[in-house]
Structures are given as structure tokens and as C-alpha cells.
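Student: Before we start, here is the structure in question, set down as C-alpha cells.
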Amino acid sequence: MEQVQLSPEAACVIGTDEAYAETLRFELHGLWRKVIARRAPQLAQQLDTSGSPLPQGRDQVSYLQALNIWFQLLKIVEENAAMRARREAETKEGAAAVSGSFAKALVDAENVSRREFCDAASRLSVGPTLTAHPTEAKRVTVLEIHRRIYRGLVTLETHRWTPRERRDLIRDLESEIDLLWLTGELRLERPTPEDEIEWGLQFFRDALFDAVPEIFHRFHDAVHDRFNVEDQSTPCVQFHSWIGGDRDGNPNVTTKTTRTALERNRSTILDRYASALTNAARHISVSSAIARLSPATLAALAKVTDPFPSGPIGGHSNPGEHFRQALSAIQLRVSATQSGGGVAYRHVSDFIADLRRIEDALATIDAEWLAVRHLRPIRWQAEVFGFRTVTLDVRQNSSVTTRVLHEIWARTEPPPEYGTPEWSARLRRDLGAVDMRWMDDKTLSDEACELLGLLRLMREAKRGSDPQAMGPFILSMTRSCDDLLGVYLLARHAGFGAEKLDLRVVPLFETIDDLRAAPRILDALLKVPLARRSIVGQGGQIEVMLGYSDSNKDGGFICSTWELEKAQRNISRCLAEHDCHPVFFHGRGGSVSRGGAPTERAIAAQPHGTIHGKLRTTEQGEVVSSKFANRGTAQYELELLASSVLARSLNKTVPDIRPDFHDALEALAGMSQTAYSTLLHQPDFVKYFQQASPVEELAMLKMGSRPARRFGAESLDDLRAIPWVFAWSQNRHLITGWYGFGSAIASFRRFRKNEGDALLQSMFAQSPLFRLIVDETEKSLFHTDMKIAARYAALVTDEEVRRRIFGMIEREYAASCLGLKAITGSAQIGARFPMMTSRFARVQGELDRVHDMQIGLLRDIRAAPDGTSSVPLMQSMNCVAAALGWTG
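In C-alpha cells form, the structure reads like this:
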């Protein structure tokens, strides 16, 4: 274990960011060792000496738990140091010095007029979407301890503490690390969907509710600094969630679960308003005996208290305090909204209007600062979170909707076969019918009743006090226009209207073939009268979701990235011909293989003319906790997302892709897909994958409520993308992030010769997309370790299969490294990313030992599955995930 040789007092004198981080690591390393010495003193030798024998028996669990805690502490230090670096930069050079800030986006847009800015800002809309994808290995209790440690480090930054107070703060940190040990990392039971709902809501309670007003303040400050005007507009941020709504392949999510999610989402934000209003009333103690209120101001406040005609609210205890009376009235109405009482707000807009009335009334007595400090943050929260916290999306697989529709038709006559012209004709005929035939649900299967019940719940929610509580119906594995029309028809069976549907149906295009077919599918959809009327009624805006994970699993990283780019261009052109426009919803995960990339650069690399100021993206599993667990980081990540979309919208000089770049990327994508597909279709490739990785043992981790396979089949097609990426990360092959790159580059250079080299280097310098591909490929290659991968490959029992498939992977790895160096001119993989390499160097030695332990544990558990404890193996998987920084 590497020891940081800095004194604890160095924090008081060291000014550089890295030195500050080293000081924190020193502090936490010492506290961590004290806890280990107390709880597991027998581990001292193994933790101090890299060449010592690996622990055996019960000591395996303790050793892995100790390393896991250390990897987690390193991540907390990294987050804290990054936050401090941003504050230091802003203190010394202003907000525009912080990359990803609104201030920097506006300074960089130096040729943009205020009118152009206002136009872009009015269209700006970002939608972070929290999902319960099973990539978060940490329990809620553990995340809460992490949050307290993070806050403890922030508290230690100040210089005002006496030596005694500082010792107490450090003891508190030691106690939290000790509690991490005593709490344990592993889940004893698989979480239920209800557990996942609470997991998602904690991020709002602890960070996001407070982060939103802060980024709005920063937006206003940036606008004022750039244009020297006060602008009360705000960027549109609308949080979505799939937690409790995503039932694709997860039978544990039912209509009852979705109703529970809606209720918990609603009660969480209403509880927040109640406490915030109590705090505002405590501070706004304006007396009419001192501040004379005009008749117009009194009339405005009277509108707030109108629902209580029996007398002024709180008048018995606060005579003459009209503002407190108005706030008390709002509090009572919020409470009634929570319980369903008679004075409940009928619509969230009425709540926002009451808050505005009090804000405006305070301005009339020159006390706008009171509104800015105590009321405007509540109104901004209401504009973002409404009476819902999040907009809850629903997702279901097209195979389910097709089966249910087939069953409904079979009740009256033999249904046509799916995929035939007769099926399409029946769909269009029924969609055009004025009335739907009444149907007794009691005659239907549980699956059909469940789906129709869900659609009825969506219709009910859209008629509630916050119509945005329920979001779109996302159809995964959309493969034809008929798939989408099937949802429209089922919605009609559930009570939606015949003229147009107040329901957004969002296609999710996931495979390479589906991405290529997307424009044709949407073109056909817009030619169906009911669908077109519904979409035009929604502003001519069609949300289209793009699946990064499954397209990668289908075609490999390079092919998938290029096909996603082309799909966005082609979809945009197709919809423009129908006077409609897309809002792209990017289904990204945390790792490179699942679309993970630096936010600012990923948005900058989006195709020309496809953003239009609007963007949605998923935040999955461990990404949610890394971005939104702490308020400061959450504020930065939200501002980074919104400012990146704004900057992309304001950039007038974004060129369309050069024809020669287009042709080169087309060729590279095709060649990389060929190489990738050749590997996946090798005889016994599935056997190699299952034996050379812990994919089959992943279910032991109990990370999420949904199964690893969609429908229980034992095939690569049915295996979800998350365990696919997880397994290749655990065994350090990481083929999902680079395989095919080497073959593609080598073939391109061989056929194009010197001209090819020059073109590749031009693309690297000038094409944001190709630069992103190269950079993310390099990061994946850096984290790949062929020596460790070979040790996992040795688990494959068939020597011929092992030598053949691992040999292909070794050769492709070597070709990829060679090709990458030729493009970048770098002599060493990873050298261009010193922060990444430094971060990995801190864990590499310990991580190598964890891999050795995991390989031995896989052998043991496979040899005697009934007689070997799975706990050490689960700990090792958590350890690898913590060290790499991603799960799936």
C-alpha cells in the first residue's frame, strides 16, 4: 500500500490542488489504517507488502472489505479536491474560468447578440433521467456514510478551527470510516422496486432540491456579467425517472409499483415545500405597522388567502403581518394537497402564482432581497419539481405490447400474424375507428390486464394537479412502425381519445439494424392520421431514444458510435420533411462501452443541427451517486449539462461533417464491425465468455431488482448490456470499449497508404466525433491488462477454445495500440491523460491482487458451488468496480 509522505498540517500551507488532494489522502489513509488495526489487525502484513501471500479463509473477506473502503475513500478525496479546485479557480479568475459554467459558455460565445442568446435560452431544455439500472453496487446506508465523510472533509477546509476542534473533526471522520467497516458493503437481499424508489429520492432530498436554485442564480449572474442586464428567465431543467416505471424485462415492476412511485415522488416534494415555507415564514416578519402596504399590495396578498374566507390566516398570532398570513395560507394549501383536503391546489401553476404574488408584494416595499433569499428558491424549485419531484417515464418491451394486442384481437376473431400486411392493415383500421369496442378485462390474461391498467394509470395521472408527473411511454426494441402504432391502439383501448392521444410514445432504437431503420419507421408513423394529429398536438416534437449499450453490444464501440451519429442526422432530416423536429434522448451508461464520456465533449461532438437546445440523457446506477450524492457536485454537473447544451446551441461555426471524413468513418465503422462480429460468432465464444469472466456469478451481487436477462434465455442476444460490459470489465479484457479499432485502422492505412495516415490525423485534429472515439478508445485500452486477462482466460477448460479466442483478443489489442499511437503520435497508451493514469496508479497494485483473489475464488466456487461461500467473490467484484470507477 503506497504511503503518502506528507504531514497532516500540510493542508494549512499547501496551495496546489494535487498537493491538497495528497494531504487528504494522507489524512484518510492514517484513519483507515487505525480502523483496520482495531478491526482486523491480522491484515497488517498483506496491506503493507505487495508481495505478501494472499489472505485465505475468513481473512479474504476482511482484506477485500478493507481495500474496498480505501478505494471508496480515494473517490471521495477526488470529488472533494475537484470541487475545491473549481472554487479556487472562480475565486482567483471569476466564474468564466470554470470549465462547464454558464459564465464560460457566454464568454466563449463572444459574437452572440443578446437577442440570439434569449432565443437560445428560451429553447434550452435538459432532462437528466435517473434509472435503477443495476450498476450501483453500494447500498443507500453506505452512500449516506460517504456523504458524511465528504462533508467532513469540506468542514476541515476552513482555517478557523482550534487544534482541539480539528482533532474532534478528525475523530468524527475516523468514526465514519469505522462505521463503513461495521456496516458492510454487500446487500444481503436483492432490493425491491420500492427500495429503488427510495434510493432515487434520497438524491433529491440530500442534494438536488438545493442544487437547482444555485444553478439558476449562477445562470442569472452569468447573463448579467455578459449582457449587463437583469434577466429573470431560467434554463428549463426537468428531471425524469425510470425508477418504478421501467418494466422492460422486470416482472417485479407492476402498475401498483408505478402508483407507489407517483405517490412517493409527490409526497417527497410536498414535504420539502412545507419545511421551506415554514422557514420562509420565520424570516419574513414584515409588519404593516412599520412597512405601509398599498391597497394593490394588500389586494394581491388577499388573493393568496382567499381560500380561507373565515379570517386572516395566522392573524390571531401575527396581527398586521400580512406576509406571514399569506405564507401560512400557502402552507395550509400545500398540506391539503398532500392529504387531499378541500383547499388543496388544483394545479401546480396555482402554487407558483401564489409565490409570485408574495415576491411581487415584497418588491413594492423595497424588500426584494427577502424574496430573493427566501421565496424565489422555492418558486424555482416549484418550476422544476412541481408536485412530482420527477416526471416518471414508463418503459416496456415491444414483444409485450405485441402479445397483448394479439390477445385482444383474438377475443373477437382470429388475429393476423405479426409482421404481415394484414397486421398493419388491422392496426390502421382500428386506429381510425370512432369508438372502441368495450372489453371485459376479466377475460384477459394477467399480462394484458397489467398493461391496460398501466395505461389507465398514465391517463389518470395526466389529469391530476401536475400533468407532468407522468412522462412518455418508451417502447424498447422498436423495430417497426407497427410496434409504435400498437401502443397507440392499446392506449385507445385504455380510454385515451380517438381524435388525438395525450400520450407521448417514444421509440427506443437499440440495435444497429434498428438505428438504420429509424428514419423509415418515423416517416411511416407520421403518415398515420392519429399519430400525426397527436404529435402535432404536442408541438410537432418527437422524442427519440437512442440505445448506446445494446448498439455497442451489437456492433462494437466504433460501429455503434458512428451509427448513432448517422441515425441522428437521418432522423432530423426525415422529421424536417414533416415539419417536425426530434428531441434526442441518449441512453448512456457510466462506462465508455455504454456511451459514457465527458459531458461537455460528448455534447460538443453531437451532429450538426440535431440538438436544437434540447437534450435528454440517462443517469444510471453508479453515475447517479457520483454526480448527485453531494450538493456541490450535483450543482456543477447540472450546470455542466445545461451550459454544454447552451454552448452547442450558441455555436454558429459548427460545420457539417466533411464528405471525406464521412466516407472514412463509414469505412472504419464497417471494418470494425466485421472484426467485432467475427469474434462474437466464433464457435464456443459463449463458453469462453462464461468461463473467462464472472458473468454467471454477477447475480450474487443483488445490485438491482431486475434479472440480468430480459426473458430468461441463455443467449448473448437476451443478455442485457450491463452484465455484458460488467463481465468484460471485471476480467480486464474490456473488449466492449475497443475491439475492432485495431483491425479497422490497420485496414484503412493499408488500403489508403500515406493518404490514409494524413486523413486519420486530420480527422483526429478536426473532427470532434473521431477525436472522441480515439480518446475513449485509448482510455479503454489503458485499463485493459492482457496479463491479467490471460489469467482469466486460463479458467476456460477447453484449451483449443481458450487459445483461439484469447489469441484473437491479444492480436486485436496489439493492433489497436499500434493504430492509436500512429494517430495520436503518443509513445505510450494513456500518456495524454495524466490525471487518469495517476488515479489508476494509486490502486493498480492492490487491484492486481484483487484479480488474483477473484480468479482463485471463481475456480473454487465453480469446483464446489454448494460448499464455497460466495461472499468473498462478491466482495472482489465490488472491489474491482470501485477501483475502476464503473460497474457496467
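Adding 6 to a residue's 1-based position in the sequence shown gives its number in my numbering. Where a beta carbon is used, it is the ideal one built from N, C-alpha and C, also for glycine. As the structure is a computational prediction, the values presented were derived from the model and not from experiment.
Pick from Ser749, His857 and Glu413: whose alpha carbon is nearest that of His739?
Tutor: Along the sequence shown, one-based indexing puts residue 739 at 733. Cα-wise, what sits closest to His739 is His857.
Student: Any C-beta of chain D sitting closer than 8 angstroms to the C-beta of Pro427?
Tutor: Any reference to chain D falls outside this structure, which holds one protein chain only.
Student: Using C-beta distances below 7 angstroms, list every residue in its chain close to Met880, excluding the 5 sequence neighbours before and after it, in chain order.
Tutor: As a working note, residue 880 is residue 874 in the sequence shown. Contacts found: Leu192, Met706 and Leu707.
Student: Can at least three beta-carbon pairs, one atom from the region 109-127 and one from the region 650-663, be found at a separation below 8 angstroms?
Tutor: Yes, the region 109-127 is in contact with the region 650-663.
Student: Looking at the structure shown, is Gln688 part of a helix, part of a strand, or coil, going by DSSP?
Tutor: In the sequence shown, residue 688 corresponds to position 682, counting from 1. Coil.
Student: Using CA coordinates, which residue listed in Thr803, Ala800, Leu722 and Ile829 is at the minimum distance from Phe747?
Tutor: The residue you call residue 747 lines up with position 741 of the sequence shown. Nearest option by C-alpha distance: Ile829.
Student: Go ahead and pull the three-state DSSP assignment for Ile541.
Tutor: Locating residue 541 in the sequence shown gives position 535, where the first residue counts as 1. In the structure shown, Ile541 sits in a helix (DSSP, three-state: H, G or I).
Student: List the residues that DSSP assigns as beta-bridge partners of Asn403.
Tutor: Indexing the sequence shown from 1 puts residue 403 at position 397. The partner list for Asn403 (beta bridge, DSSP) reads Ser482.
Student: Classify Ile5 as helix, strand or coil using the three-state DSSP reduction.
Tutor: Limits of the chain in this structure are 7 at one end and 894 at the other, which puts residue 5 out of reach.
Student: Sorted by chain position, which residues of the same chain lie with C-beta nearer than 7 angstroms to Gly762's C-beta, five sequence neighbours on each side aside?
Tutor: Translated into the one-based positions of the sequence shown, residue 762 becomes position 756. Correct list, in chain order: Phe754 and Arg755.
Student: Is it buried or exposed for Trp76, if we count other Cβ within 10 angstroms and need 16 for buried?
Tutor: Mapped onto the sequence shown, residue 76 falls at position 70. Its Cβ being crowded by 16 or more others within 10 Å, Trp76 is buried.
Student: Taking Cβ to Cβ, would you say Ser749 is nearer than 8 angstroms to Ala821?
Tutor: Locating residue 749 in the sequence shown gives position 743, counting from the first residue. Locating residue 821 in the sequence shown gives position 815, counting from the first residue. Contact: yes.
Student: Drop a sphere of 10 angstroms on the beta-carbon of Met769, count the other beta-carbons inside from all chains shown, and report buried for 16 or more, exposed for fewer.
Tutor: The residue labelled residue 769 in the question sits at position 763 within the sequence shown. So Met769 counts as buried.
Student: Out of Ala537, Gly503, Ile371 and Pro478, which one is the CA nearest neighbour of Met919?
Tutor: For residue 919 there is no data in the structure shown, the boundaries of the chain being 7 and 894.
Student: Whole-angstrom Cβ separation of Phe6 and Arg120, contact assumed at under 8 angstroms?
Tutor: With the chain covering only 7 through 894, there is no way to say anything about residue 6.
Student: Name the DSSP beta bridge partners of Ile548, please?
Tutor: For the purposes of this step, residue 548 is identified with residue 542 of the sequence shown, where counting begins at 1. DSSP output for Ile548 lists Pro588 as bridge partner(s).
Student: Over the uninterrupted alpha helix (DSSP H) stretch that includes Gln626, give me the two end residues.
Tutor: Here residue 626 refers to the residue found at position 620 when the sequence shown is read from its first residue. Looking at the DSSP string, Gln626 is not in any alpha helix (DSSP H); the run it does join, the beta strand (DSSP E), is Lys620 to Gln626.
Student: Determine the direct distance from the alpha carbon of Ile336 to that of Val349, and round the result to whole angstroms.
Tutor: The residue given as residue 349 occupies position 343 in the sequence shown. The residue given as residue 336 occupies position 330 in the sequence shown. The alpha-carbon atoms of Val349 and Ile336 are separated by roughly 10 angstroms.
Student: Counting C-beta neighbours from all protein chains within 10 Å, is the total for Val235 16 or more, i.e. buried, or is it exposed?
Tutor: Position 229 of the sequence shown, counted from the start, is the residue given in the question as residue 235. Under this definition Val235 is an exposed residue.
Student: Consult DSSP for His499 and reduce its assignment to one of helix, strand or coil.
Tutor: Position 493 of the sequence shown, counted from the start, is the residue given in the question as residue 499. The answer is helix: DSSP assigns His499 an H, G or I state.
Student: Where does Arg726 land, buried or exposed, given buried means 16+ other C-beta within 10 angstroms?
Tutor: By 1-based counting over the sequence shown, the position of residue 726 is 720. Flag for Arg726 reads buried.
Student: Excluding sequence positions up to five away, which residues of its chain have a Cβ less than 6 angstroms from the Cβ of Pro613?
Tutor: In the sequence shown, residue 613 corresponds to position 607, counting from 1. Hits under 6 angstroms: Glu571, Gln574 and Arg575.
Student: For Met476, which residues does DSSP report across the bridge?
Tutor: In the sequence shown, the residue the question calls residue 476 occupies position 470. Answer is Leu398.
Student: Can you give me the start and stop residues for the alpha helix (DSSP H) that Gly158 sits inside?
Tutor: Residue numbering aside, residue 158 sits at position 152 when the sequence shown is read from its first letter. It spans Val146 to Leu162 - the alpha helix (DSSP H) in which Gly158 sits, taken as one unbroken run.
Student: Going by the beta-carbon positions, is the gap between Thr135 and His246 smaller than 8 angstroms?
Tutor: Position 129 of the sequence shown, counted from the first residue, corresponds to residue 135. Position 240 of the sequence shown, counted from the first residue, corresponds to residue 246. Yes, the pair counts as a contact, with Cβ atoms nearer than the cut-off.
Student: Return the Cβ separation of Tyr520 and Thr484 in integer angstroms, given the expectation that the two are a contact with Cβ distance under 8 angstroms.
Tutor: If you number the sequence shown from 1, residue 520 lands on position 514. If you number the sequence shown from 1, residue 484 lands on position 478. It is Asp, not Tyr, that sits at residue 520 in the sequence shown. Indeed they touch by this definition, with Cβ atoms about 7 angstroms apart.
Student: Roughly how many angstroms lie between the CA atoms of Thr168 and Ala91, to the nearest whole one?
Tutor: On the sequence shown, residue 168 is found 162 positions in, with the first residue counted as 1. On the sequence shown, residue 91 is found 85 positions in, with the first residue counted as 1. Near 25 angstroms, if we compare the C-alpha coordinates of Ala91 and Thr168.
Student: Could you work out which residue in Asn256, Asp508, Val67 and Leu490 is closest to Arg526 when comparing CA atoms only?
Tutor: Within the sequence shown, residue 526 is the residue found at index 520, counting from 1. Nearest C-alpha to Arg526: Leu490.
Student: With distance defined between alpha-carbon atoms, name the residue in Gln474, Pro513 and Leu765 nearest to Ile480.
Tutor: Here the question's residue 480 lines up with position 474 in the sequence shown. Considering only alpha carbons, the answer is Pro513.
Student: Going by alpha carbons, who is nearest to Leu536 out of Leu495, Ser557 and Ile518?
Tutor: Reading the sequence shown from its first residue, position 530 is the one you call residue 536. Checked all of Leu495, Ser557 and Ile518; the closest Cα to Leu536 is Leu495.
Student: Hey, is the region 208-227 in contact with the region 154-168, meaning 3+ C-beta pairs nearer than 8 angstroms?
Tutor: The region 208-227, when compared against the region 154-168, does not touch it at the 8 angstroms Cβ threshold.
Student: As a quick exercise: from Arg797, Phe788, Gly813 and Leu801, pick the residue whose alpha carbon is nearest that of Gln850.
Tutor: Sequence index remark: in the sequence shown, residue 850 carries index 844 (1-based). Of the candidates Arg797, Phe788, Gly813 and Leu801, the one whose C-alpha sits nearest the C-alpha of Gln850 is Phe788.
Student: From the DSSP output, in three-state form, read off His246 for me.
Tutor: Residue 246 sits at position 240 when you count from the first residue of the sequence shown. Of the three classes helix, strand and coil, the one that applies to His246 here is strand, per DSSP.
Student: Tell me the DSSP bridge mates of Pro257?
Tutor: Counting from one through the sequence shown, the residue named residue 257 turns up at place 251. According to DSSP, which records beta bridges pairwise, Pro257 is partnered with nothing at all.
Student: I need the boundaries of the beta strand (DSSP E) containing Thr135, first residue and last residue.
Tutor: By 1-based counting over the sequence shown, the position of residue 135 is 129. From DSSP, the beta strand (DSSP E) with Thr135 extends over Ser131 to Thr137.
Student: What's the C-alpha gap between Val410 and Thr198?
Tutor: Taking the sequence shown and counting its residues from 1, one reaches residue 410 at position 404. Taking the sequence shown and counting its residues from 1, one reaches residue 198 at position 192. In a straight line, the C-alpha of Val410 is about 26 angstroms away from that of Thr198.
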